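Chains as they are written, first to last, in the numbering used here: chain A, 2 to 448; chain B, 83 to 164.
Just so you know, even glycine gets a beta-carbon here, dropped at the ideal spot from N, CA and C.
None of these values were measured; they are calculated from a predicted model.
To keep things clear, I will list the structure first and then write my remarks on it.
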Amino acid sequence: MRFSSLFQMLSFRASEHGSRTALFYEAGGEKVRLSYFELFDLVQRRANDLRASGKTSIGILTDGSLDCVITIMASIVSGLQTVLLDENTPDALLKGYIAYTDIDFLWSSDSELTREFSPYLTGGVKSGVGRVLFFTSGTTSRSKAVVLTDESLMSSAYNGGSLLPLEEDDVLLCQLPLNHVFGFVCGLLWGLSCGAAVALGRGARHYIDDCAFFAPTAISLVPLLLGFLLKHNSLNEELRLVLIGAGDCPPRLISACASMGLRVSFGYGLTETSSGVALSLGADPYAMTVCPDDEVIIAEDGEILISAPTCVMEGYYKMPDATREVLSGGILRTGDLGFIDGDGLLHVTGRKKEILVLSDGTKIFLPEYEGELAAVLPGRDFAVAEKGGAPYLVIKGGASDRAAILSSVRPVMELRPRGQQIRDIIFTPHPLPRTATGKIKRWELQL
Amino acid sequence: MTRQEILSSTKEVIYECVPELEGTELTEDTVINTDAAIDSMGFTLVICRLEANFNIRIPNRQWQRLSTLGDVVDAIEKRIEK
């Protein structure tokens with residue numbers, strides 16, 4: 002069912018199916034249920050409080066808790082500008098994000114943290130109605146905030162539900178961070194828009210036992226987390242559907258799920274498209290059906306272009322030039338390469354932009370990352386490259402340089418989330434391959 | 083508990099959580115990401131086990147600052163002292 006706003010969906014569910022379970026969460030070691038009626042009531046009360054506060058731009062450090070979910074929903078429902086942030090954002094970056102996105106109220110389950118950052122709050126925004134901001138790569142100094150809307154997120158949830166419907170007795174486990182659009186749409190809104198129940202995962206400390214605790218029938222995962230759960234035999238027997246997204250998934254993980262009798266669907270999408278553009282529905286997980294609201298065009302050079310008036314971002318927050326580079330005439334340039342097969346299914350074959358997509362779903366903008374490293378590795382010939390879903394430093398030199406290089410890059414690493422930190426160094430005795438203009442020929446790097 | 087005992091216990095947890103590292107020498111200077119090649123999920127598992135073993139809690143925001151094994155031992159030592 003298509004809803005144009007979160008409020009419309011919650012009010013409909015509360016009035017038509019009020020007693021059904023909307024959320025499961027943990028409290029005092031017990032699994033507790035919250036009905037759609039109770040959820041709507043809580044969201045409305047919190048929305049009234051937010052409206053009364055006079056605040057205009059709310060930054061939410063997402064931790065996936067019930068309180069966090071209620072606050073996000075209330076902020077959206079009350080029409081405030083809602084900025085979803087990684088709860089582990091380093092202090093210096095968080096201060097920058099607060100200023101950049103005009104946050105005048107910071108929410109965190111950690112009140113000490115909220116107090117610590119209160120001096121950095123701004124005067125807010127004049128109009129933020131319906132804006133929901135997600136950062137493209139989580140935590141880098143030049144991350145762009147993508148402006149989505151209540152409506153675009155609900156349209157994206159509809160797209161997912163129309164291709165992969167969940168039933169009311171399904172339980173969707175939400176383990177992914179809600180500041181990531183894939184986690185927000187495919188971990189939360191997808192389930193609720195279908196009228197199913199969503200189980201709120203208990204965070205990193207419970208990755209391994211959340212499936213046994215909540216007994217989900219469906220789960221949305223990034224490849225890294227799927228690999229982790231498979232390695233530790235954490236998937237429960239009630240599970241029937243695994244939706245994988247936000248990064249390239251090794252075939253061995255998909256095969257492992259299939260051998261357990263699980264239906265596996267692979268999703269392609271971007272923050273800029275409010276998550277899913279296409280989903281695989283058949284036996285081939287890499288052949289994807291384009292979602293109803295999206296139109297995919299393949300450019301002459303193979304780039305995937307997307308036209309989706311209901312789902313594509315309004316732009317990058319306060320970055321008109323950056324917006325124009327990728328969005329023009331309603332067409333979004335994805336920077337990804339692909340083709341449409343004879344059956345009309347989309348295949349993604351690579352990336353045109355200088356971006357690495359890691360197995361935890363986060364992205365690295367290579368010019369920026371390499372620029373930071375160049376400052377601590379002056380005069381060195383190096384590049385950052387992806388191997389097995391993790392970033393590696395490829396550098397001209399020998400193993401005897403290893404300790405000095407690691408010591409030099411450490412300050413840069415400490416400002417990055419662990420998944421984005423250099424996994425290892427690959428030494429090469431030869432200069433790195435470059436074009437005539439000095440750009441690295443990334444496709445020629447020996448990994 | 084001495085620092086050496088914490089280090090020893092931490093190494094045991096790492097070997098248990100990441101069996102591929104069995105036989106690899108781990109010292110306080112070992113860089114977790116690069117030298118030990120523990121990915122972010124493996125690191126999460128290690129920290130969770132250490133928290134349970136030492137009955138402490140290391141705030142999530144501190145995790146990414148733990149670069150070497152010595153940093154992890156520092157974090158545990160500080161919290162045991164508290």
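Straight-line measurement puts the Cα of residue 300 (chain A) at about 17 Å from the Cα of residue 278 (chain A). A distance below 8 Å separates the beta carbons of residue 60 (chain A) and residue 86 (chain A). Under the Cβ distance rule, residue 420 (chain A) counts among the residues neighbouring chain B, one pair being separated by less than 8 Å. Contact annotation, residue 32 (chain A) with residue 215 (chain A): C-beta distance approximately 7 Å; criterion of less than 8 Å satisfied.
Judged by pairs of C-beta atoms under 8 Å, the stretch 135-144 of chain B does not touch the stretch 109-125 of chain B, as fewer than three such pairs exist. Counting along the chain, residue 53 (chain A) sits inside the alpha helix (DSSP H) bounded by residues 37-54. Residues of the stretch 104-129 of chain B with a C-beta atom less than 7 Å from some C-beta of chain A are 113, 115, 116, 119, 121, 122, 123, 125 and 126, listed in chain order. Residue-level contact check: residue 142 (chain B) touches chain A, since one or more beta carbons of chain A fall below 8 Å from its beta carbon. With respect to residue 154 (chain A), residue 126 (chain A) sits apart: the two C-beta atoms are not nearer than 8 Å. At least one CB of chain A lies nearer than 8 Å to the CB of residue 147 (chain B).
DSSP places residue 93 (chain B) in the uninterrupted alpha helix (DSSP H) bounded by 85-99.
Around the beta carbon of residue 176 (chain A), 16 or more other beta carbons sit within 10 angstroms, so the residue counts as buried.
When beta bridges are read from the DSSP output, residue 175 (chain A) appears opposite A:201.
With a threshold of 16 other beta carbon atoms within 10 Å, residue 224 (chain A) meets it and is buried. Among the residues of the stretch 396-413 of chain A, those with a Cβ less than 8 Å away from any Cβ of chain B are 407 and 411, in the order of the chain. Using a Cβ-Cβ distance cut-off of 8 Å, the stretch 197-215 of chain A and the stretch 288-307 of chain A are not in contact, since fewer than three pairs of beta carbons, one from each stretch, lie closer than that value. Annotation: Cβ neighbours of residue 229 (chain A) in chain B (cutoff 7 Å, chain order): 123.
DSSP places residue 4 (chain A) in no beta strand (DSSP E); its state is neither H nor E. Within the stretch 52-125 of chain A, the runs of beta strand (DSSP E) that reach at least 3 residues and sit entirely inside it are, in chain order, 58-63, 82-87 and 106-108. Less than 8 Å divides the Cβ of residue 37 (chain A) from the Cβ of residue 21 (chain A). Inside the stretch 209-236 of chain A, DSSP marks whole beta strand (DSSP E) runs of 3 or more residues at positions 219-222, from first to last along the chain.
For residue 406 (chain A), no beta strand (DSSP E) segment is defined; the enclosing uninterrupted segment is the alpha helix (DSSP H) at 403-414.
When secondary structure is reduced to three states using DSSP, residue 297 (chain A) falls in the strand class. According to the DSSP assignment, residue 245 (chain A) belongs to the beta strand (DSSP E) that extends over 242-245.
Taking 8 Å as the cut-off, the beta carbon of residue 218 (chain A) is found no closer than this to the beta carbon of residue 146 (chain A). About 6 Å separates the CB atoms of residue 202 (chain A) and residue 65 (chain A); that is less than 8 Å, so the two are in contact. The Cβ-Cβ distance between residue 67 (chain A) and residue 24 (chain A) falls below 8 Å.
With respect to residue 244 (chain A), residue 289 (chain A) sits apart: the two C-beta atoms are not nearer than 8 Å.
Partner residues in the beta bridge of residue 308 (chain A), as assigned by DSSP, are A:296 and A:332.
With respect to the 8 Å criterion, residue 446 (chain A) and residue 392 (chain A) are not classified as neighbours on the basis of their beta carbons. Excluding the 5 residues flanking it on each side, residue 287 (chain A) has same chain C-beta neighbours closer than 8 Å at 267, 281, 348 and 349, in chain order. Taking 8 Å as the upper bound on Cβ-Cβ separation, chain B lies near residues 420, 422, 423, 424, 425 and 426 of the stretch 420-445 of chain A. The beta carbons of residue 146 (chain B) and residue 418 (chain A) sit closer together than 8 Å. Between the stretch 72-90 of chain A and the stretch 396-407 of chain A, the count of Cβ pairs shorter than 8 Å is below three; the stretches do not touch.
Listed by position along chain B, the residues whose Cβ is nearer than 8 Å to that of residue 415 (chain A) are 146, 147 and 149. When 9 Å is used as the limit between beta carbons, residue 88 (chain A) is near these residues of chain B: 142 and 143, in chain order.
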